[in-house]
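Residue numbers (the working numbering): 5 to 627.
Structure (structure tokens):
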């Protein structure tokens, strides 16, 4: 009954009904496969030239990169020619040569390619994470083929694109196999292949056979999106919705279906208004997926050069504010806190910057919506050449202490870094148990960090997304919220009594599991002071501090050391200190061992009070 109540009160009657309808649709198709035709739409691809690029400008930029970065592009492209794909922006996955498009290299399992997509489960313990199968078929590596060709003029990269595209079509007849399970994957596959084909065609080397294969790919991918958009639009309502709207725009334009193009843009404006807060926050509660969605927007802006339709001014304003929000939680290297779900997606890797550098996307989207750039010239400008093209003047911006009340983000800046906490008023499905988590950055080091995600289909992933995976407080045996399966979080927390200025934050989280947590953060001349008050039943509380630093316990607290030098000391008012090994995942399906300092404090008269003094070293003292 608790879950039913949560579905109706938190997710809403509409979502619940739509989710039941979609489940009924799947069951109906499994029992009566002929009924899938009820959802199919007629598709007639008439043109494929939706993208145009200044190839000479991109080529010139690539040839101006350092030798090391050019070599990295060529190395990734050469491996992809042999079926070794850089997946999730970090891990090499060997699919064989020729590529086995139905194989997961991590578990060495090949899924049934002759089964209809709706007969293949989302989660299969034996198979492992289905996203590993999808990664090769996303065709992200086609960008490396293109960029390697522009650097070298070697036709082997074009041949790799041409041969792999044909091989994929030969081995993935619609609608069979895991690669047709997800409309978002089909959209990204279609976009990436179209962009690669466009560049090779501009270079005069694409063949008539390539054009034919691209038309077939657009047809089957667009058919999938049309047939299953209900799920992304009515049941998921997150980055998938934006991806598939992009698929609708591109597919409809390629079919010269003006009515569907215009309808898709109207849907896009509605979704931006629905999923982006006016202050720029994204309702998926994830910086990774916020960037993902911003990259989808930049792709749509690029397509708008051909469609002649643009997003509304209100949409532009919310997207601009979304960029500025992420700018204000950035480190100087372009990194941001590892907040929320993180699947490692960098859907358009048209940059030599690292995956954790958010500057390429933020700079490009800001230029497309405002006509100005956020940063001075840098390697991140390649993405702007792909999606924007024109030179844009730099806008004068600076990092500063910031509050985003609607989105629930609060930052306090100090010389050398910043502290961020979040306290959300959930309007859509949460992902992590991370209310009042603290992220602390100093001298380029993420001293107190978020644990990340690792995988949606693993026990480690469940641990990292739990309350104990964040720098917050937990009453023994009680989570902030409750969860079923990989994604269904219910009994959402609420918030109250938020106060903020550039030097102080105060706010209270109220859990439906019977407790509240008030956290106050004060900026001091030497760092920060944190005061926690927990009210609720239980034997004891645990306060967590996850850190990549070395930990040394000292009388009254602990010290954090980076590269052998003390970078921070934390003194606590009470409690027993224990240092445990933990994991952090900065990239999907990759983990690194870090330390977790756990301070245990007994609950007396239903209350636990704890104070922490954080002293940051090598900081210029402020008056």
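Built from N, CA and C at the ideal position, the CB exists for glycine as well.
- Looking at the DSSP output, residue 599 bridges to 551, 585.
- Linking residue 172 to residue 150 through their CA atoms gives a straight-line distance of about 18 angstroms.
- In the DSSP annotation of this structure, the continuous segment of the alpha helix (DSSP H) that includes residue 331 starts and ends at 317-332.
- Between residue 200 and residue 45 a beta carbon distance of about 26 angstroms is seen, past the 8 angstroms cut, so the two are scored as non-contacting.
- Counting only the Cα atoms, residue 50 lies some 31 angstroms from residue 386.
- Taking all protein chains in view, the Cβ of residue 340 is crowded by 16 or more other Cβ atoms within 10 Å, so the residue is classified as buried.
- For residue 23, the uninterrupted alpha helix (DSSP H) segment begins and ends at 17-35.
- In the three-state scheme derived from DSSP, where H, G and I count as helix and E and B as strand, residue 437 is classed as coil.
- Note: residue 539 is bridge-paired with 520, 611 in the DSSP secondary-structure output.
- Taking 9 angstroms as the cut-off, the beta carbon of residue 528 is found closer than this to the beta carbon of residue 617.
- Beyond the five residues adjoining it in sequence on each side, residue 165 comes within less than 6 angstroms, by CB distance, of 146, 149, 200 in the same chain, given in chain order.
- Residue 322 and residue 281 have their C-alpha atoms roughly 7 angstroms apart.
- Within its own chain, the residues whose Cβ lies closer than 6 angstroms to the Cβ of residue 102, once the five positions on either side in sequence are excluded, are 171, listed in chain order.
- Residue 448 is classed as exposed because its beta carbon has fewer than 16 other beta carbons within 10 Å across all chains shown.
- For residue 161, the enclosing alpha helix (DSSP H) has its first and last residue at 160-175.
- Secondary-structure assignment with DSSP links residue 594 through a beta bridge to 591.
- In the structure shown, residue 261 falls within a coil segment according to DSSP collapsed to helix, strand and coil.
- Here residue 222 really is in contact with residue 258; their C-beta atoms are around 5 angstroms apart, less than 8 angstroms.
- 9 angstroms or more divides the Cβ of residue 217 from the Cβ of residue 293.
- The continuous beta strand (DSSP E) containing residue 513 extends over residues 508-515.
- Cβ-Cβ distances below 8 angstroms link residue 84 to 90, 145, 148, 149, 164 in the same chain, with the five nearest sequence neighbours on each side left out; the list follows chain order.
- Taking C-alpha positions only, residue 605 is separated from residue 548 by approximately 12 angstroms.
- Bounds of the alpha helix (DSSP H) holding residue 141 are 135-141.
- In this structure, residue 342 keeps its C-beta atom at 9 angstroms or more from the C-beta atom of residue 462.
- Note on residue 399: under 16 other CB atoms within 10 angstroms of its CB, so exposed under the neighbour-count rule.
- Approximately 5 angstroms separates the beta-carbon atoms of residue 245 and residue 275; this is inside 8 angstroms, confirming the contact.
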